[in-house]
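Protein chains: 2
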Amino acid sequence: MESRKKYTIGTDLGGTNTVFGIVDFDGNIVCEDSIKTQDYPQAEAFVEAGCICIMALVDKVGGIELIAGMGIGAPNANYYTGCIEQAPNLPWKGTVPLANLFNKRLGIPVKLTNDANAAAMGEMKYGAAKGMNDFIEITLGTGVGSGIVANGQLIYGHDGFAGELGHVIIDRSENARLCGCGRKGCLEAYCSAPGIVRTAKEYLKNETIPSDLRSIPLEDITAYAVSKAAHAGDELAIKVFEHTAELLGKACADFAAFSSPEAFIFFGGPMKSADLLMPTIIETYNDEVLPVFRGKAKFIVSSLMDRNSAVLGAAALV
Amino acid sequence: MESRKKYTIGTDLGGTNTVFGIVDFDGNIVCEDSIKTQDYPQAEAFVEAGCICIMALVDKVGGIELIAGMGIGAPNANYYTGCIEQAPNLPWKGTVPLANLFNKRLGIPVKLTNDANAAAMGEMKYGAAKGMNDFIEITLGTGVGSGIVANGQLIYGHDGFAGELGHVIIDRSENARLCGCGRKGCLEAYCSAPGIVRTAKEYLKNETIPSDLRSIPLEDITAYAVSKAAHAGDELAIKVFEHTAELLGKACADFAAFSSPEAFIFFGGPMKSADLLMPTIIETYNDEVLPVFRGKAKFIVSSLMDRNSAVLGAAALV
């Protein structure tokens, strides 16, 4: 890398907004701007609008000669090909060679990976995983994602799609929940924000415990409402978080048998209730894990929750 | 490495025998010999006897100056510390600094890892995984072990104990089987050779299908007997293998969500019945795996089954 390079561009491409940030080598977001992803039904028009937005930022910091490259975190992104493939929440169908499109337009190296991998990269370079060679980042949100780092490297797998721990089967029983992926019993169906809401609705239907949540129409219940109730001491809401945490603890026990990470790092909205989740995650994990791993792993809330970790992580790809 | 070095020493340390082999850089075992592990209740005496055995082999090939180093595959072995820790099937209690003991005595570098990791190393250097950067080696025997390779490197985890896929939970129901590790529902409790025997005994007890196995006293049934019966067309024995294969296929579907390997490579005694196991493993895997992985992974029987893969794999550590 030439000594003139001082920044990278980190891009957090989401279903609603796409945020572009100019990041210096210390992990500070110097400036950022965004466009509305859904405004561009054609990928080419999206890239065009994105580049206009980016160039305005680049000009602010001194020009494209100072930019080492661009990293993009996006759903259904393939690191090896630089393509987004069949992303259900993005406006573009089929396979979009996004890295290539930006590279042609900007003339700098462009790397693409999925959003959870980008979060793990950000965590390793700027966050709670600084100095760690082996950790698993688990992102809880609309889905459950993961970025797995072993031997100091992200695991991409032979096809670029490794690290789909939200789709490990946590319930193999007949009445396991249907997941958005079309299969049954995935961790995501239970521990994503919508999964937490499903658990709350099941408890409200099947249990007789009184709960403040009963005053909300079932279809209006959100993970935030459950969290608020739990923090106010609502017994049913607390049970919902305990159940969620137990499943996460059990899942992590299986993950340990795979890569024996130094730490599990949790990121995302539901972790605003870390006080409700973490003690049970840790207790369940240590109860359930193979004895050789017992008491060894750290359980940490991402230290990038308040910063734009997806932008930082994407910037760290370059 | 000096150009004079022509060989490494590969050591397969098992509960009964320890085999030492001199391996050339093309993966040929030039000569080998063994000692009885159980004859040495003290680790120091074991190392002493081992070194006498090794030096006789080394003299045959031209002296210690030609040896680049020594690799040892052993149960409960920690790659980072070079120690064997609390191995239930070895005569030495506590922590044994085996790599260090051999290094002091022989004056060459010594690396130690667990037997399944050694098998994966051998597979990558000399076997079916040649040229692969991402694969999972699954060893079926008295237990179920694994060696996971991602980005062309073995995953050791932060503590050296990663890759315990035999202890991923495949059955979370109330009546899941007790595993040797003290927990319930581990893959090993179903898909190891003793696990296959347990399944056969359960079927003989709970099913009314006629079977040639009914002529054998329950306590004398072996995995080999079940395999023989299945190959002779015995319906119950075939069902035992089908069930084993289904569980392996389901487990591999979860493993794919982790590291998305190019191939799953199976090693060990039960794979002598690969014709009975593989079609159902592959079918179940592709039925159960996340759509993005469907039809991508190869399922391969180790190409080192007839050679001493543990010796070769251990040799490949150096």
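Going down the list, the protein sequences come from chains C and L. Counting from 463, one number per residue, gives the positions in the first sequence under the numbering used here. Counting from 463, one number per residue, gives the positions in the second sequence under the numbering used here. The beta-carbon is built from N, C-alpha and C at its ideal position, and this holds for glycine as well.
Counting contacts by CB-CB distance shorter than 8 Å, is residue i in contact with chain L?
i, result
"Lys758 (chain C)", "yes"
"His705 (chain C)", "no"
"His693 (chain C)", "no"
"Asn748 (chain C)", "no"
"Phe726 (chain C)", "no"
"Ile504 (chain C)", "It is worth fixing the name first, because residue 504 (chain C) is Gln in this sequence and not Ile. No, its Cβ sits nowhere closer than 8 Å to a Cβ of chain L."
"Ser721 (chain C)", "yes"
"Glu729 (chain C)", "Note on identity: in this sequence residue 729 (chain C) is Phe, with Glu being the wrong assignment. For Phe729 (chain C), the answer is no, since every Cβ of chain L falls outside 8 Å of its Cβ."
"Leu752 (chain C)", "yes"
"Val606 (chain C)", "no"
"Cys653 (chain C)", "no"
Is residue i close to chain C? Criterion is C-beta to C-beta, closer than 8 Å.
i, result
"Arg639 (chain L)", "no"
"Ile700 (chain L)", "no"
"Glu464 (chain L)", "With a pLDDT of 49 at Glu464 (chain L), under the threshold of 50, the modelled position of that residue is not reliable, and the figure given next carries that caveat. Chain C, which has no Cβ nearer than 8 Å to the Cβ of Glu464 (chain L), makes this no."
"Gly755 (chain L)", "It should be noted that the sequence gives Phe, not Gly, for residue 755 (chain L). Yes, Phe755 (chain L) lies at the interface with chain C (some Cβ there is under 8 Å from its Cβ)."
"Ile610 (chain L)", "yes"
"Glu708 (chain L)", "no"
If you draw a straight line from the alpha carbon of residue i to that of residue j, how long is it in whole angstroms?
i, j, result
"His705 (chain L)", "Ile471 (chain C)", "51 Å"
"Leu574 (chain L)", "Gly642 (chain L)", "24 Å"
"Gly525 (chain L)", "Glu750 (chain C)", "50 Å"
"Gly556 (chain C)", "Ala549 (chain C)", "8 Å"
"Asn565 (chain L)", "Arg466 (chain L)", "20 Å"
"Phe487 (chain C)", "Thr473 (chain C)", "15 Å"
"Lys712 (chain C)", "Leu602 (chain L)", "24 Å"
"Met463 (chain C)", "Met583 (chain C)", "Bear in mind that a pLDDT of 47 at Met463 (chain C), under 50, signals an unreliable position, so the number given afterwards is only what the model happens to contain. C-alpha separation (whole angstroms): 19 Å."
"Ser689 (chain C)", "Ile744 (chain C)", "19 Å"
"Glu669 (chain L)", "Lys646 (chain L)", "23 Å"
"Ala480 (chain C)", "Glu636 (chain L)", "Ala is not the amino acid found at residue 480 (chain C); the sequence shown has Thr there. Distance between the alpha carbons of Thr480 (chain C) and Glu636 (chain L): 46 Å."
"Gln615 (chain L)", "Leu774 (chain L)", "17 Å"
"Cys513 (chain L)", "Lys587 (chain C)", "46 Å"
"Gln504 (chain C)", "Leu519 (chain C)", "23 Å"
"Ser771 (chain C)", "Ile497 (chain L)", "56 Å"
"Thr478 (chain C)", "Thr499 (chain C)", "5 Å"
"Ile631 (chain L)", "Asp716 (chain C)", "7 Å"
"Arg567 (chain C)", "Val492 (chain C)", "22 Å"
"Pro753 (chain L)", "Gly544 (chain C)", "20 Å"
"Leu710 (chain C)", "Arg639 (chain L)", "22 Å"
"Lys701 (chain L)", "Thr604 (chain C)", "41 Å"
"Ala736 (chain L)", "Asp577 (chain C)", "39 Å"
"Phe761 (chain C)", "Phe623 (chain L)", "18 Å"
Taking DSSP as the reference, what is the three-state secondary structure of residue i?
i, result
"Thr684 (chain L)", "coil"
"Asn668 (chain L)", "helix"
"Tyr469 (chain L)", "strand"
"Thr575 (chain C)", "strand"
"Glu494 (chain L)", "strand"
"Ala759 (chain L)", "coil"
"Met767 (chain C)", "coil"
"Leu698 (chain L)", "helix"
"Ala539 (chain L)", "strand"
"Phe564 (chain C)", "helix"
"Gly711 (chain L)", "helix"
"Asn748 (chain L)", "helix"
"Gly775 (chain C)", "helix"
"Gly531 (chain C)", "strand"
"Met463 (chain C)", "Only weak support exists for where Met463 (chain C) lies, its pLDDT of 47 falling under 50; the value from the coordinates is given anyway. DSSP places Met463 (chain C) in coil when its eight states are reduced to three."
"Ile514 (chain L)", "helix"
"Leu738 (chain L)", "helix"
"Thr480 (chain L)", "strand"
"Asp488 (chain L)", "coil"
"Val558 (chain C)", "strand"
"Ile570 (chain L)", "coil"
On the premise that residue j lies in contact with residue i, defined as a C-beta separation below 8 Å, what is that separation, rounded to the nearest angstrom?
i, j, result
"Ala580 (chain L)", "Ala776 (chain L)", "5 Å"
"Gly625 (chain L)", "Ile610 (chain L)", "5 Å"
"Met618 (chain L)", "Tyr542 (chain L)", "In the sequence under discussion, the amino acid at residue 618 (chain L) is Tyr, which differs from the Met named in the question. With a Cβ gap of about 7 Å, Tyr618 (chain L) and Tyr542 (chain L) count as contacting."
"Leu698 (chain L)", "Leu649 (chain L)", "Contact doesn't hold; Cβ gap of about 22 Å is too wide."
"Ala759 (chain L)", "Pro723 (chain L)", "6 Å"
"Ala691 (chain C)", "Ser673 (chain C)", "7 Å"
"Ala651 (chain C)", "Gly657 (chain C)", "5 Å"
"Gly531 (chain L)", "Pro571 (chain L)", "4 Å"
"Phe726 (chain C)", "Ile598 (chain C)", "5 Å"
Using only the heavy atoms of the ligand PLP, determine whether one of them is closer than 7 Å to the beta carbon of residue i.
i, result
"Gly477 (chain L)", "The ligand PLP is absent from the structure shown, which contains no ligands of any kind."
Handout entry: Segments of 3+ residues assigned as beta strand (DSSP E) that fall wholly inside the segment 582-660 of chain L
Key = 597-602 and 606-612
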